[in-house]
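**Q** Chains as they are written, first to last, in the numbering used here: chain A, 861 to 1304; chain B, 861 to 1304.
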């Protein structure tokens, strides 16, 4: 790998382009300008598009008819680096140690999108052009929910018309194992509040004669699942598409030991999930109902003998094909209302939701990507789903009408979003090869 | 009432003498010093007795042989004021509105013990002495279980030998209705913590395969009761003594409408309690299992898609004759352990506990108190039990061999332990008269 690659990667990483905190806004903009300048320097036509938030960098080659059009998406913004004291070196002063680059954004997403940029650079240097029509969209708001990307896609729907979208912002199932993520779970949020008396009450003076909202909430939350981890909300699973046999079989053969790895990573005393499904199936293909937070009454030190006035819980549901987030939330609301204990009232507030995603890795483009990844890594491709949500892939489908291939380069121990985030140079190099191979294969 | 009474009462209330939270320790001590100074100022011999926790104020007149000896007990510590936003005026800046004084501790117990102090002051000013030998014990740990009072009583068993104990830390059944509480519930505390993973986890990446401690806690708490409000812990009711007929009948005739009053006072949408018992029976003679507080995961604004690492609940149990707090807690622990969901661990920490109390209101001193209260209020005395706990009355019985007469001055809407705690000046005045009448009657 050329020395200049690492120098430029480090420059990219030094911008503290934290999108969630207004105090970094100038750094975010400076980072966008640097990215745009880099893309212009490799002969792409590049511009910075203003949004109501942070700007989007949009670069393209000269499109010629008769060629396939590929959109590559990435983001140049990063998560906040806190807590700083957990970092072994400053988060915005990248260092190379034993083949790993440590910095905030090293993996998520600067390292991954930069490997694509370097791949494009090499192809252009070799051939003076790319084998496909290319649009490169690198946004600055992924870590804050991509609030302005949808409008950008809608406003430029025609110019951004493409055959397929490539995104490297997901994980590899194991080191040196090329991975296509063809499915994601969606998410839906619901906040519930149970209220009894109008104020906290003395549990001696009133206890026994007035309902306890914390107990009532617990009682209600306990009805969400049965003892085997199945969600007990009537109708919840009605629209869940069963796993295909090839997925079930393929996942069993992946070169990982998911149970051992998850136990080690989480430190949980044991794994627990829905009976009848493996760990990977539970995360990748089964919906969940999770309590993300709950609270009520006195949580400070010592004892306070109150009957709380109210108690609340924040719930999210991971949804899978072919569930609809709004339908699921309505079912849950009906169920909770039905299981409300006497003597309290219930308020429910629906939060944000995003759909699941599923594409066919055996489609024409999926197969092309598989061939390319096999070539770049010299290893068979792992076909996986992921348990998280990437709302923008649905935007690409709904607004641009294009499927997305998620060909991520992150490893499980890259510590995205955490202290000591890192990216192996080996993956940067693999990404450069992957970009070239994928564009070649997609060109047909 | 003299102006100085109100001024001094306000000074007393301004001390944030919150005993449960270490950060108030200096204020607690300052409050004790002020109380001791006040007692010295009315010619009692007063001193501050150190304990391993907060200090005890101990004052007395010169004891003379041939007189009855009376011990008056109260406490100068208060409950925490949270949640602060519910107070109409700051909890430690007392205000007088329409005859009611609003402040934390206004009723519980500063207002009540202060009315005794003022009664003593008037008698001493009038007669240069009291009609009885008096010990006045005002402690600083009532709200945290009076952990050090027992040792104090034991250490001073001989000096504190007395015929009867007076405590005004309970309620009046209705305004202007003198009330003797002859029974109390006990209390036992248990804190439980459920732990899954060692850190909060991303609910997309891990959700479904790792247990959710908040959900596990809810599931466990839901097993404490059945749908009819009965406690579902096996053996919980085994030692509960049935109500006497005279109590059941007497309570029906009390000059109150408990259901209507409780609904109005609490603003609860409906009453709820154990099937088969009236509201008064539920509070005064039946045990409870209450969630005083619970928490886990993200409780801030918006959504955070985490699987919490842990969740906790603070429980207390009100116990009644002839239950034993330690037995009850052991039964609950066994029950919770048995109902622990898979994939999480459970820690249980037993907190303070205090026994129930039951005395005979028709004893010699009980009858004397009835006569005095009838004189002070010009109305027949209501004989009731209370739902709260005053563990120290058992200490008085067990250590000093003395029965306690609970002659409280709190009204149902005084909001002890809640925001906007208040005390009517009318009750402060009644307390002054009551103190004088009771000491006179007990003198015989």
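Virtual Cβ for every residue (Gly too), placed ideally from N, Cα, C. Being a predicted model, the structure only gives us computed values, none of them experimental.
How many whole angstroms separate the CB atoms of residue 1293 of chain A and residue 1236 of chain A, which I take to be in contact at a CB cut-off of 8 Å?
**A** Between residue 1236 of chain A and residue 1293 of chain A the Cβ distance is about 4 Å, and since that is below 8 Å, they are a contact.
**Q** Taking the C-alpha atoms as reference points, what is the distance between residue 1028 of chain B and residue 1290 of chain B?
**A** Cα to Cα, the separation comes out at about 12 Å.
**Q** Who does residue 1209 of chain B pair with in a DSSP beta bridge?
**A** Answer is B:1051, bridged to residue 1209 of chain B.
**Q** Among A:1120, A:1069, A:1279, which residue has its Cα nearest to the Cα of residue 1364 of chain B?
**A** With chain B represented from 861 up to 1304, any question about residue 1364 of chain B goes unanswered, as that position is not in the structure.
**Q** Is residue 1142 of chain B buried or exposed, if buried means 16 or more other CB atoms sit within 10 Å of its CB?
**A** It is buried - the Cβ of residue 1142 of chain B has at least 16 other Cβ atoms within 10 Å.
**Q** Taking 8 Å as the threshold (beta carbon to beta carbon), is residue 1326 of chain B in contact with chain A?
**A** Since the displayed chain B opens at 861 and closes at 1304, residue 1326 of chain B lies outside it and no answer follows.
**Q** Hey, could you find the ends of the beta strand (DSSP E) residue 1042 of chain A is sitting in?
**A** Here the beta strand (DSSP E) through residue 1042 of chain A covers 1039-1044.
**Q** Please report the straight-line C-alpha distance between residue 946 of chain A and residue 963 of chain A, rounded to a whole angstrom.
**A** Looking at the two C-alpha atoms, the distance is approximately 12 Å.
**Q** Relative to the C-alpha of residue 871 of chain B, which residue among B:952, B:1032, B:935 is closest?
**A** Of B:952, B:1032, B:935, the residue nearest in Cα terms is B:952.
**Q** Which of the residues in the stretch 1120-1136 of chain A, read from start to end, lie with their CB under 8 Å from any CB of chain B?
**A** Against chain B - using a Cβ distance shorter than 8 Å - the residues of the stretch 1120-1136 of chain A are 1122, 1126, 1127, 1128, 1129, 1130, 1131, 1132, 1133, 1134.
**Q** How many angstroms separate the CA atom of residue 1297 of chain A from the CA atom of residue 994 of chain A?
**A** Distance between the alpha carbons of residue 1297 of chain A and residue 994 of chain A: 14 Å.
**Q** Extract the residue ranges of the alpha helix (DSSP H) inside the stretch 1058-1107 of chain B, only unbroken runs of 4 or more that lie entirely within it.
**A** Runs found: 1073-1081.
**Q** Report the three-state DSSP secondary structure of residue 1267 of chain A (helix, strand or coil).
**A** Correct three-state label for residue 1267 of chain A: coil.
**Q** Apart from the five residues just before and just after residue 1024 of chain B, which ones in its own chain have a Cβ nearer than 7 Å to its Cβ?
**A** Answer for residue 1024 of chain B: 930, 1225, 1262, 1263, 1265, 1302, listed in chain order.
**Q** If I follow the unbroken beta strand (DSSP E) through residue 1244 of chain B, where does it start and stop?
**A** Its beta strand (DSSP E) spans residues 1242-1245.
**Q** Identify which residue in A:1084, A:1304, A:1073, A:1089 has its Cα closest to the Cα of residue 1205 of chain A.
**A** Of the listed residues, the one whose Cα sits closest to residue 1205 of chain A is A:1073.
**Q** One question on the structure: do residue 1154 of chain B and residue 1057 of chain A come within less than 8 Å of each other, judged by their Cβ atoms?
**A** Cβ distance not < 8 Å, so residue 1154 of chain B and residue 1057 of chain A don't count as in contact.
**Q** Chain A beta carbons: is any one of them nearer than 8 Å to that of residue 1065 of chain B?
**A** Chain A, which has a Cβ nearer than 8 Å to the Cβ of residue 1065 of chain B, makes this yes.
**Q** Which residue wins for smallest C-alpha separation from residue 1189 of chain A, given the options A:1051, A:1087, A:1260, A:874?
**A** Measuring from the Cα of residue 1189 of chain A, the nearest candidate turns out to be A:1051.
**Q** Do residue 1003 of chain B and residue 1100 of chain B have their beta-carbon atoms positioned less than 8 Å apart in this structure?
**A** No; because the gap between Cβ atoms is not below 8 Å, this pair is not in contact.
**Q** Does the beta carbon of residue 1151 of chain A fall short of 7 Å from some heavy atom of the ligand SAM?
**A** The ligand SAM is not part of this structure, which contains no ligands at all.
**Q** Assign residue 1060 of chain A to one of two classes, buried (16 or more other C-beta atoms within 10 Å of its C-beta) or exposed (fewer than that).
**A** Buried.
**Q** List, in order along the chain, the chain A residues whose C-beta lies closer than 9 Å to that of residue 960 of chain B?
**A** Those within 9 Å of residue 960 of chain B in chain A number zero; the least Cβ separation is about 16 Å.
**Q** Along the chain, where does the beta strand (DSSP E) that runs through residue 936 of chain A open and close?
**A** From DSSP, residue 936 of chain A is part of no beta strand (DSSP E); its letter is neither H nor E.
**Q** Mind listing the chain B neighbours of residue 1045 of chain A? Cutoff is C-beta to C-beta under 8 Å, in chain order.
**A** Per Cβ cutoff of 8 Å: 1064.
**Q** For chain B, find out if any of its Cβ atoms is closer than 8 Å to the Cβ of residue 1205 of chain A; answer yes or no.
**A** Yes, its Cβ sits closer than 8 Å to a Cβ of chain B.
**Q** How big is the Cα-Cα spacing for residue 866 of chain B and residue 922 of chain B?
**A** If you take the alpha carbons of residue 866 of chain B and residue 922 of chain B, they lie about 28 Å apart.
**Q** In terms of alpha-carbon separation, which member of B:1187, B:1042, B:1071 lies closest to residue 1094 of chain B?
**A** Answer by Cα proximity: B:1187.
**Q** Please go through the same chain and pick out, in chain order, the residues whose beta-carbon is closer than 7 Å to the beta-carbon of residue 1092 of chain A, but skip the five residues on each side of it.
**A** The residues are 1083, 1084, 1085, 1086.
**Q** Could you tell me the distance, in whole angstroms, from the CA atom of residue 1015 of chain A to the CA atom of residue 1269 of chain A?
**A** Distance between the alpha carbons of residue 1015 of chain A and residue 1269 of chain A: 30 Å.
**Q** Roughly how many angstroms separate the alpha carbons of residue 905 of chain B and residue 1041 of chain B, rounded to a whole number?
**A** Roughly 30 Å separates the two Cα atoms.
**Q** My output table needs one value for residue 962 of chain A: the three-state DSSP class, helix, strand or coil.
**A** Reduced to three states, the DSSP call for residue 962 of chain A is strand.
**Q** Could you give the residue range of the beta strand (DSSP E) that holds residue 1152 of chain B?
**A** Its beta strand (DSSP E) spans residues 1148-1157.
**Q** Closer than 7 Å by beta-carbon distance: list the chain B residues that pair up with residue 1158 of chain A, in chain order.
**A** Near residue 1158 of chain A (Cβ distances below 7 Å), the residues of chain B are 1152, 1153, 1174.
**Q** So what does DSSP say about residue 1222 of chain B, is it helix, strand or coil?
**A** Coil, per DSSP.
**Q** Taking the alpha-carbon of residue 1144 of chain B as reference, which of B:1217, B:1256, B:1167 has the nearest alpha-carbon?
**A** Of the listed residues, the one whose Cα sits closest to residue 1144 of chain B is B:1217.
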